[in-house]
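I have placed the structure first, in the form of structure tokens, so that the comments after it can refer back to it.
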Amino acid sequence: MGHHTPLYDQHVAENAKLVDFAGWDMPIDYGSQIAEHKAVRENAGMFDVSHMAVVDISGGQSRQFLRRLLANDVAKADEDGRAIYCCMLNTRGGVIDDLIVDHLSGDLYRVVLNAATTQKDLAWLQSQARDYQVKIAHRTDLAIIAVQGPRGRDLAAQVLDDDLAAAAMQLKPFRAAMAGDVSVGRTGYTGEDGFEIVLSADDAESAWKKLRDIGVAPVGLGARDTLRLEAGLNLYGQDMDEDHTPLESGLGWTVAFEPADRDFVGRDALEYIREQGVSEKLVGLVLEGRGVLRSHAAVRAAGSNVEEDDAPGVLTSGSYAPSLSRSIGFARVPADWDNSVEVCLRGKWLAARIVRYPFARNGKSRIDD
Numbered sequence: 004m005g006h007h008t009p010l011y012d013q014h015v016a017e018n019a020k021l022v023d024f025a026g027w028d029m030p031i032d033y034g035s036q037i038a039e040h041k042a043v044r045e046n047a048g049m050f051d052v053s054h055m056a057v058v059d060i061s062g063g064q065s066r067q068f069l070r071r072l073l074a075n076d077v078a079k080a081d082e083d084g085r086a087i088y089c090c091m092l093n094t095r096g097g098v099i100d101d102l103i104v105d106h107l108s109g110d111l112y113r114v115v116l117n118a119a120t121t122q123k124d125l126a127w128l129q130s131q132a133r134d135y136q137v138k139i140a141h142r143t144d145l146a147i148i149a150v151q152g153p154r155g156r157d158l159a160a161q162v163l164d165d166d167l168a169a170a171a172m173q174l175k176p177f178r179a180a181m182a183g184d185v186s187v188g189r190t191g192y193t194g195e196d197g198f199e200i201v202l203s204a205d206d207a208e209s210a211w212k213k214l215r216d217i218g219v220a221p222v223g224l225g226a227r228d229t230l231r232l233e234a235g236l237n238l239y240g241q242d243m244d245e246d247h248t249p250l251e252s253g254l255g256w257t258v259a260f261e262p263a264d265r266d267f268v269g270r271d272a273l274e275y276i277r278e279q280g281v282s283e284k285l286v287g288l289v290l291e292g293r294g295v296l297r298s299h300a301a302v303r304a305a306g307s308n309v310e311e312d313d314a315p316g317v318l319t320s321g322s323y324a325p326s327l328s329r330s331i332g333f334a335r336v337p338a339d340w341d342n343s344v345e346v347c348l349r350g351k352w353l354a355a356r357i358v359r360y361p362f363a364r365n366g367k368s369r370i371d372d
């Protein structure tokens, strides 16, 4: 038996198919992954992401600490209520984790860590904080419900206190509001608008039930993956990891090299790679024919005779995209590739092409046929 979020009993009551995910019993779907995907694209869906770790970082040197810790510069979020997407790197420039930092007020910042990396991340945070006057609090008393979709914000606001709901509805994208311990960010992982709500674990069940009763569909990890892939969003452990830098993972835009005098963990390694040039890059792929792209599949240049084990490229993520009615994926390939490729699926080499991502925006295809 794995760990249970405060919403576990609700998932059981709603006949969710539960799977082990990073040591947690989590819903993969509630009956139809395709229907859940479409609910988010067309109306509103809600995700239990309470398996992820909420961490509050506070203290007189919290800003200085985060400017050193993260590759993006939290000075961009100096205004209370700003949020910023960041990668946390090791000294080699590899990605330890990716996270959104909400600057909630004054010296208080809230971050959410991936479930699979929580213990590693917490140990890293503590080790890096030794020279700073900061407090790092792992908030196990909190839960997270993400509500996403065209009607997501309007419906999510109905489970918030009046004052917080009013503030939340005024938020611009990548902004956050807070009341007590409850925080609301206009952020998400689906390519749709919506809120990510951090609330008391004791209140999570009632909020979930109310959202369900007003028409928000429960959505599992399966649809969450196809939604994020269509939106061109990386998954930690597949599209980025400790052995690959943001520059090799399509995340160069998250690295703030300016100001030049900001010394962040991994900077020296990234400066060297930037000077030498990357040898690999992350690209979007569209399968030209039938089949489904899957992670770990080998990728080679179209027309080459390279064997599967010697192929220079690899699928990092792949799936059928319900909004596009075709198969898409991410692949890490040599930096000079920009055209047609072949992907090895079940021993057969199938044609695919490199495209720009995101693959879809607001449920509409952005792929040029």
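Position 78 of the sequence shown, counting from 1, maps to 81 under this note's numbering, and the rest follow consecutively.
All C-beta atoms, glycine included, are put in the ideal place defined by N, C-alpha and C.
Because the structure is a prediction, the values reported are computed rather than measured.
Rounded straight-line distance, which links the Cα of residue j to that of residue i
{"i": "R329", "j": "V289", "result": "8 Å"}
{"i": "P30", "j": "D164", "result": "28 Å"}
{"i": "E291", "j": "M181", "result": "47 Å"}
{"i": "D242", "j": "S320", "result": "7 Å"}
{"i": "A314", "j": "A355", "result": "15 Å"}
{"i": "D166", "j": "G316", "result": "51 Å"}
{"i": "A22", "j": "G240", "result": "According to the sequence as given, residue 22 is Val; it is not Ala. Distance between the alpha carbons of V22 and G240: 18 Å."}
{"i": "V162", "j": "R227", "result": "22 Å"}
{"i": "D284", "j": "D206", "result": "According to the sequence provided, residue 284 is Lys. The question's Asp does not apply to it. Cα-Cα distance, rounded: 43 Å."}
{"i": "S322", "j": "G152", "result": "21 Å"}
{"i": "A263", "j": "I147", "result": "36 Å"}
{"i": "F267", "j": "A119", "result": "24 Å"}
{"i": "N75", "j": "C89", "result": "5 Å"}
{"i": "Y11", "j": "W340", "result": "45 Å"}
{"i": "T143", "j": "A204", "result": "8 Å"}
{"i": "E251", "j": "V336", "result": "9 Å"}
{"i": "V58", "j": "G294", "result": "41 Å"}
{"i": "V281", "j": "A272", "result": "12 Å"}
{"i": "Q64", "j": "V187", "result": "24 Å"}
{"i": "R231", "j": "L318", "result": "16 Å"}
{"i": "R265", "j": "L73", "result": "11 Å"}
{"i": "D184", "j": "L353", "result": "51 Å"}
{"i": "A170", "j": "I139", "result": "27 Å"}
{"i": "V309", "j": "E199", "result": "45 Å"}
{"i": "E274", "j": "A259", "result": "11 Å"}
{"i": "A85", "j": "I60", "result": "The identity of residue 85 in the sequence shown is Arg, whereas the question assumes Ala. Roughly 15 Å separates the two Cα atoms."}
{"i": "V346", "j": "A168", "result": "48 Å"}
{"i": "M55", "j": "M91", "result": "16 Å"}
{"i": "A179", "j": "D110", "result": "15 Å"}
{"i": "V15", "j": "A338", "result": "46 Å"}
{"i": "E208", "j": "P9", "result": "7 Å"}
Close Cβ partners of residue i (< 6 Å) along its chain, the five nearest in sequence each way excluded
{"i": "D124", "result": "D100, L116"}
{"i": "D246", "result": "G97"}
{"i": "A334", "result": "V286, L288, V302, G316, L318"}
{"i": "S3", "result": "The shown model of the chain, from 4 to 372, leaves out residue 3, and the question about it has no answer."}
{"i": "A80", "result": "I87, H106"}
Beta-carbon proximity list for residue i, same chain, < 8 Å, skipping 5 on both sides
{"i": "K175", "result": "R189"}
{"i": "K212", "result": "Q13"}
{"i": "V158", "result": "It should be pointed out that residue 158 corresponds to Leu in this sequence rather than to Val. These residues qualify, in order along the chain: A47, V150, L214, I217, G218, V219."}
{"i": "V77", "result": "R66, L69, R70, I87, C89, V104, H106, Y112"}
{"i": "D83", "result": "H106, L107, S108, G109"}
Contacts around residue i, its chain only, beta-carbon distance under 7 Å, and the 5 residues preceding and following it disregarded
{"i": "V222", "result": "E39, A42, V43, G48, M49, F50"}
{"i": "R154", "result": "N46, A47"}
{"i": "P325", "result": "I37, H40, K41, T229"}
{"i": "S298", "result": "Q241, L318, T319, S320, G321"}
{"i": "G225", "result": "I31, D32, Q36"}
{"i": "T257", "result": "A74, N75, Y88, C89, C90, P249"}
Residue i, buried or exposed, once every other Cβ within 10 Å from all chains shown has been counted against 16
{"i": "D105", "result": "buried"}
{"i": "G306", "result": "exposed"}
{"i": "N2", "result": "With the chain represented from 4 up to 372, any question about residue 2 goes unanswered, as that position is not in the structure."}
{"i": "T409", "result": "Coverage of the chain is limited to positions 4 through 372, which leaves residue 409 absent and any answer about it impossible."}
{"i": "A132", "result": "buried"}
{"i": "S53", "result": "buried"}
{"i": "W27", "result": "buried"}
{"i": "E195", "result": "buried"}
{"i": "A126", "result": "exposed"}
{"i": "D312", "result": "exposed"}
{"i": "G350", "result": "exposed"}
{"i": "E233", "result": "buried"}
{"i": "V137", "result": "buried"}
{"i": "T193", "result": "buried"}
{"i": "T94", "result": "exposed"}
Integer-rounded CB distance, given that residue j should sit under 8 Å from residue i
{"i": "V344", "j": "R303", "result": "7 Å"}
{"i": "G5", "j": "N18", "result": "Not really, about 18 Å apart at Cβ, beyond 8 Å."}
{"i": "A300", "j": "L254", "result": "So it is not a contact: roughly 22 Å between Cβ atoms."}
{"i": "I331", "j": "G287", "result": "7 Å"}
{"i": "L128", "j": "L202", "result": "Going by Cβ atoms, the distance from L128 to L202 rounds to 23 Å, so no, they are not a contact pair."}
Residue i: CB within 7 Å of a non-hydrogen atom of the ligand HEM
{"i": "H7", "result": "Among the ligands in the structure shown, none appear at all, so the ligand HEM cannot be discussed."}
Neighbour flag for residue i against chain C, beta carbons, 8 Å
{"i": "P315", "result": "Considering every chain present, this structure includes no chain C. It has just one protein chain."}
- request: Enumerate, from N- to C-terminal direction, the unbroken beta strand (DSSP E) stretches of 3 or more residues contained entirely within the stretch 238-293.
  value: 283-290
field: Entirely enclosed alpha helix (DSSP H) segments - the stretch 13-46, minimum 4 residues
entry: 36-45
task: Any chance you could list the beta strand (DSSP E) runs of at least 3 consecutive residues sitting entirely within the stretch 300-337, in chain order?
output: 301-304, 316-324, 329-337
field: Continuous alpha helix (DSSP H) assignments of at least 4 residues falling wholly in the stretch 172-244
entry: 207-216, 224-233
- prompt: Which full runs of the beta strand (DSSP E) of 3+ residues lie inside the stretch 67-142, going along the chain?
  reply: Correct list: 86-92, 98-108, 111-116, 138-141.
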